[in-house]
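Structure record follows, encoded as C-alpha cells.
Residue numbers (this note's numbering), protein chains in the order written: chain A, 1 to 1038; chain B, 1039 to 1579.
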C-alpha cells in the first residue's frame, strides 16, 4: 500500500514544480456527468499542487485563476476525478466526469426522493443492477449477499424456485416478519411467500394447515426481472422507518428500474446458458448392512454386519441428481418520440434443476415510459407482467434427501415402481410404512405453482416553480398463484387409510398504494431549508381458496376433484364458496424539515402519523419522530484536506422510532371448523388480544464517511443500536388455563446492535487497466432483554423440524439461539452416565445450546478490467455462528455417518455415573465399557442428543460469483451489420466453498421465507446444498 | 402565486375528505372476515362432545380421555405393549418434553374450556336453558375427570385470558366445584319454556343424547354419584349419598352416556380406538383381564366368561392369552400370542384398511362409553356393601353384571362370530354360577370391584384407575386382596423414576405447565421425577 501511495504521490510532486512559473488567467467552464450530460453542482475544481480551488455552481459552472500549462483537477463525489491541462482555450471548457461504479452523485432515498449524499445523516448503500445481472441469478435477492454490509440472505436451499429470506441488520422481531419493504420506483411491492399455516382455516394458508417446512414457495419479489434493475438502494436503519413507517421497520430495498436513455431506437439482447452440478453432499459412510445392534435385519438402519467382501455398492445419488440446465434470454429496446421515451423489455428464463422434477420457468414483460408534458410535468407510467411456473419437490422432513440417505446402497433406487406404477417397497409389506424411495418421492409426490402477476405504476413529478416539487407515485400490484401438492396413496407420509392426499389452492393478491409528497426548498443566505409534507395510502388484500382431501382417484390429475368429497377440508370461508381474505390498510401523513448551513451541516427532522387497520381502534393512531444530522468535517476545517490523504470526512448520526404492526386479525379470538361428528365450530388455538398495541422500535446510529488518497479509498462505518420494546409476540405459549394453547401479547423486548464498515478502493483506474476492491464488513450482536418471568423459553413451532432442537430463545440470551436437548451434567459440568447401560444421561429440557449469529461476515468484491476484458469475483466470508447439523444426526442414527465407523471399538464414555453420588465429593467415575455396534442406542438421540450435533463456530469462505467477460472491439463489431456492441461472458456461482462444517452446506434454512421471526436458518435438515453453476452467454446491442 | 394558493386549498379540502373516507376503510378492514368471534351455541356442542373422547387434528390432535386412557389402561393392566421397556407398562409417568398423559388436561382447558364458557354465556343470553344445563353437566364431568387424573389442578384462576401464570387449587376444592356445577346443571336442565327445545338441543348433542334432557339429568346424577363414591377412604364418606345419586343416575343401558361417531371417513368423526385413527396398534390384551375372563383368576376360578369374545382377542390356537407388562411376548409361543384389537397378528402394529375384524370399542363407528348403567350398579353395590347391607349389595352386583352383558349384546355385537355370541342361556349360566354370584354372605368387595373392572374394560380406564388407587392396587379385605391376583410391576419392571412406588397421578401437561407455570409446580413438588407416585388427596384416608 505504501508503494502504491508513493506511485500516486510522485507525479503530483512533479506537477508542483511545473506550475510555479506560468502566467495567471481566468479559466471558466462547465462540469458535466458523462453519463447523461447533466451538470454537476458542487464539484471541486482545484489547481493541481496548490490549495487554490473552487466549486461549481448550480449550473455546473466554474471559473478559476490558473496559468497556462497548469493542471486543473476536477473531482466530485461519486465520479472518477479528471485532470485538464490548461491550453489556449480558457472559456467554455466542458469537463466530463465519468461516474465511478459506486456512484453517489444523487441517491434515491426513502419515498423516491433524491438527496445529495452529504446531506444524509444515515448510511445508504447502493448496488448497481449491472452487478446483479452479472451474477446471473434468477432470484436477484441471491445476488446481493456480500454486496451490502449488514444484509443477510438466507435461501431455503439449492432447488429451482427456492425462496430466499432477506434480513437487514439482523433480527428485531421475535414473531413478526423481519423482512424489509420492497419499493420499486416509489411503489411498494409485495414480497410474501405462501404460508402453509392457516390457523385452523381461519387465516391464509393451506387447508392442511401445516408448518412451513416440507414444501417451498418462491418469495414473490423474485418475480422482478433482474435485467430491469438499474440499481438498488438499501436503507437499513432509522431513515427507512421514519419515512416509510411500520412496513419498513426492518429496512427498505429501493429498486430503481431502467428507463429509456433517449428517444433513439436502441436494442439490447443478451442470453445465458447455465449448467448446474451438485458437488456438495454430506459425507455418507457405507460399511455395514441393514440391521440393528450388530445383527442383520430388514430395517432402514445400518447396524448390521459388515458388508461381505466383494459386495457391490451402488452410489445411488448418481442415479438421482442430474445436471441442471437453464437458459435465459433478455431483450430490451429503447425508443421514443420527442419528449416521450419508452423502454420495453422481455425475459425468458427456463431452468431444469439438479433434482428430477424440479423446474422453474419465468417470462417477464415490461414497458415503461417517461413523458414530459409542458414545462413542469413529467409522468413515468409503467406496466409489467410476469408469469412463473415452478415444478417442486418435497423437502426437509418429507423430502427426497432423507430417502437418499436411508436407502440401502445395495439397492438400485431406479427400481422404485412396478409396471403398474406402484411403489415397490424394499422390506415392508405395506408400502406406506416404508420411507419413500427418493425417485418415487420426487416423481410420485408432485407439487407445482403457477403465478401471473401484473404491476402498473404511475409516477408524476410536477415542478411548478424552482422551489416547489410535487411528486406522486401510484402503484397497483396484483397476482394470482395456483398450486397443488399431491401425496401419492403409497407415500410414507400418508397412512394407508387416507389413500393419498392432495392440497389445492389459489391465492390472489391485490395491492394498491400511493405516496404524494410536496417539497419546498428555500435558501436564506448561508442557510438552506427544505420542507416536505406527504401522505401515503396502502391497501393490501390477499385472498386464498384452499382445499385438501384424501382418497385420490387418480395420481396423474391435480385438480381438487381428484379427492373424495367426504374427506375434503377447506379454509373457513371456502366452505361457503367464498375465499378467505386478509386485508391491511394503512393511512399515513408525514413531514420532514431539513435545515442546512453553508452546505456543511445538515439537520433533518421527520415525523410520521399512521393509522393501521390491524390494530384495535384505541391503539390505532400512533406517530413517531426521526432526526438525523450530517456534518462535513473536511469542509468545516478545509485544512484537513491539505495534501491528498483526506479528501472528505463526514460524521453523521440519526435516531428514529417506529412501530411494527401485528398480523391482521390477531386482535380477535375466532372459531374454526371442528371436524367432530356433527361438525360445528370450536375456538382455534390462539388467544388473540383485543388490546394489542403496535410494537415500538427505537434505533439510533452513528457513522462516518471518509474519502482518502485522492478519493481512491471510500470508507463508511456505522454503529447502530435498536431496541424493540413491547414486542407483539404471536404464538406465545402459556398454561392452557387461559383456555387456549397460543397467546398474543405485547411481551418481551430485544436489543440488536451492530457495526458495519464498507470500503471501496479504486486501486487502479487507467484507460487500459482498472482494479477496484470493495469490502463489506458486518458484525451484529443481539439480546433478549425482556421476557415475562414465567416464560422459560419462547419458540416458533415452525423451527422445530428435527429431533428436539428448535429456534428457542430465553431471557438474556440471544435472539438467534438454538435450544435443544443435551447431555445431563453434574454440578461440576461432567457428563452424567446412566448406570444401567453406560450411555450418557439425557437432559430432556430445551436449553440454549447454540447461537447461530456469526461473529462477523466480510464480503469482498474484486473487479479487474484490462482493455476489453473484465473479471469480477465476490468472496463471502463468515466467521462463527453455530449450525444444527440435523442431517448428520439422522445419518448417525441410521448408522451412515462417519461417526459410526469405529463402532466395534470398545469404549467407556467419559463421565460420572448418575447414581445419586454424582454431586458428592466422591462421584463414581464411569467404567462401563460399551461396544456401540452391539448397543446402537449409543448413536441414537439417547446416546448422542441434539447438543452433539450443534456444530460450533462454523466458518465459511465462499466464492459466490465470479464473472469473466469480454467486449468485442468496435473494429470487429462494425463488421457485423446492425450490431453496435457485442460481448461474451462466463459466470460461475458458488464455485468454491471452504468451511469447517462437516455437512453439505452450512447455509441452509429449515423453513421457507414465509417463516417469521428468526426462522430456521442454521438448521440443516434434508435441504439441497447449493449446486455449482456455470453460465455463459453473449450481450449485444443493436 | 394565487394559483398555488388555490391548488393548496383544493388539496386541503380533498385531503380532509379522503382522510375521513380512509378512516372508514381502515375501520372496515379490522374485523376478521374469515372466521367469526361468535357462533351459534348449537354448533359449539358437537366439538365438545367429540372432545370427551378424542378430538381430531384441527381442534388439537387427540385431546380427550381416550388418548390418556391408552396409558392409564396400561397402569390398570387392561393391556400392555408387545415390546419390553415401555415406561408406561412399567407404571412410569411422562418424562421429558412430552405431552403424554396430558390429553385430559388439554381436553379440559382448551378443548372444552372457553367453548363451554361461551355456550353458558350465550345460552343464558338466549335463554336456552337446556344448552346451559348440558354445558354445566359436561363441565362437572370434565372437572372430575381432570382432578382424578392430575390431583391438584388450576381451578379458581382458570380461563382468565390475560393472566400469565396460574395458581393450583387443592383437590377437595375441585370436588366441591364438581358438585356445585352439577347442582347448577340440574337447575338449568329442570327449566322449561323460554328457548328450551328438545329438537334444538338435538342439533348440538345428536351424537350423545340427541336432545333428551332427562338423560342429561341422569348423566349429572351419575357424575354426582362418582364424586361421592370416589371418596370411600374419607371419614366424610357417606354411602347414602352415593346411593341417593345412583338411584337417580343412569340405570338402564338405553340411558348410557355414549359418545357416538358419524364415521364419515375422516379422523374427527371416527372412534379414537378404531383402525382408521390407528391409535391402539401397539396394545395387546394383558394377562390380568384374560385370566379374569377365562377362569384363571382365583376369585373366579374355572369360569369361562361369555363376554370373552367381545372384550378379548384369540390367538391362532383359538385360545385367549394375555401378556404381562414389560415382558414383551411374555414367553408365549407364537401361536399363543394374542391378535391385536383389530384382529391382526401379534406383531402387526399398523391399521388395517377396514374394521371388519375389529370388535367392541375398537371399531371405527363404535360407541365410546363415558358413563354406563353397569358402572352405576357396581357403585351401588359397593355403597350397600360398605353400609353392611349385603343383600342389597348382591342385588346391585348381580344387576351390574347383567347390564354389562346386555350392553355388549345390544350395542357391541358387531363382528362377533355367531357361535361365540352371548346367549340368554350363557348369560344365565354365568349369573347362576356361585363362583361369580355368591350368596350375600359370601359377597366380597373383591367380587364387586373385579366385575366392575370387566364391565368397564377398555373404555373406563380412568374410573378403574380410581378404584385401584382407592385400594392402593393391593389393599386387602381381611386376608384377601380386593383386586385379586393383580400384580403391579416390581423391581426392574417398575419404572426407574418411580423409586419403587406405584403410580398415583399423571403430571400436568408438559407444554402447558412445565414451561410456563414452574413456580406452582415447584410448590406442589411436581418437578420431582417421581411426582407420578404422589398419592392424591381423594384416595388418602
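Here a beta-carbon is modelled for each residue, glycine too, at the ideal position from N, C-alpha and C.
Rank the options by C-alpha distance to the C-alpha of residue i and give the top, closest one.
i	options	result
residue 906/A	594/A, 933/A, 619/A and 255/A	933/A
residue 1039/A	199/A, 214/A, 885/A and 781/A	The shown model of chain A, from 1 to 1038, leaves out residue 1039/A, and the question about it has no answer.
residue 179/A	163/A, 691/A, 187/A and 112/A	163/A
residue 1561/B	1244/B, 1334/B, 1206/B and 1366/B	1206/B
residue 1521/B	1482/B, 1270/B, 1308/B and 1551/B	1482/B
residue 388/A	132/A, 818/A, 351/A and 746/A	351/A
residue 546/A	974/A, 504/A and 1025/A	504/A
residue 836/A	1578/B, 1574/B, 1530/B and 1548/B	1530/B
Ends of the alpha helix (DSSP H) at residue i?
i	result
residue 1174/B	1167–1188
residue 1217/B	1209–1227
residue 634/A	633–636
residue 401/A	400–406
residue 1501/B	1499–1508
Between which residues of its own chain and residue i is the CB-CB distance below 7 Å, once the five residues before and five after are set aside?
i	result
residue 636/A	600
residue 1188/B	1143, 1543, 1544 and 1546
residue 153/A	141, 142, 144, 145, 164 and 166
Kindly list the residues whose CB is nearer than 6 Å to the CB of residue i, restricted to its own chain and excluding five residues on each side of it in sequence; keep chain order.
i	result
residue 353/A	159, 160 and 324
residue 1266/B	1279 and 1280
residue 855/A	879 and 880
residue 1256/B	1287, 1288 and 1293
residue 1145/B	1089, 1101 and 1102
Does any CB atom of chain B fall closer than 8 Å to the CB of residue i?
i	result
residue 587/A	yes
residue 1019/A	no
residue 571/A	yes
residue 22/A	Any reading at residue 22/A needs caution, since the residue's pLDDT is 49, under 50, leaving its predicted position unreliable; the model's value is listed next. It does not: the Cβ of residue 22/A has no partner Cβ on chain B nearer than 8 Å.
residue 670/A	yes
residue 91/A	no
residue 581/A	yes
Let me see if you follow: with CB-CB separation under 8 Å, is residue i close to chain A or not?
i	result
residue 1060/B	yes
residue 1036/B	Missing from the structure shown is residue 1036/B; chain B here goes from 1039 to 1579 and no further.
residue 1547/B	yes
residue 1571/B	no
residue 1527/B	no
residue 1424/B	no
residue 1163/B	no
Between which two residues does the beta strand (DSSP E) harbouring residue i extend?
i	result
residue 843/A	842–851
residue 155/A	151–155
residue 1433/B	Not the beta strand (DSSP E): residue 1433/B falls in the alpha helix (DSSP H), residues 1428–1449.
residue 1116/B	Taken as a continuous stretch (DSSP letters only), residue 1116/B belongs to no beta strand (DSSP E), as it is neither H nor E.
Would a check of beta-carbon distances place residue i closer than 8 Å to chain D?
i	result
residue 202/A	Considering every chain present, this structure includes no chain D. Its protein chains are A and B.
Contact between the segment 443–456 of chain A and the segment 476–491 of chain A (3+ Cβ pairs under 8 Å): yes
Meets three-Cβ-pair contact criterion under 8 Å: the segment 1116–1129 of chain B and the segment 1183–1192 of chain B: no
Inter-stretch contact at 8 Å, needing at least 3 Cβ pairs: the segment 537–550 of chain A / the segment 511–524 of chain A: yes
contact_flag[the segment 781–789 of chain A, the segment 746–757 of chain A] where n(CB pairs < 8 Å) is 3 or more: yes
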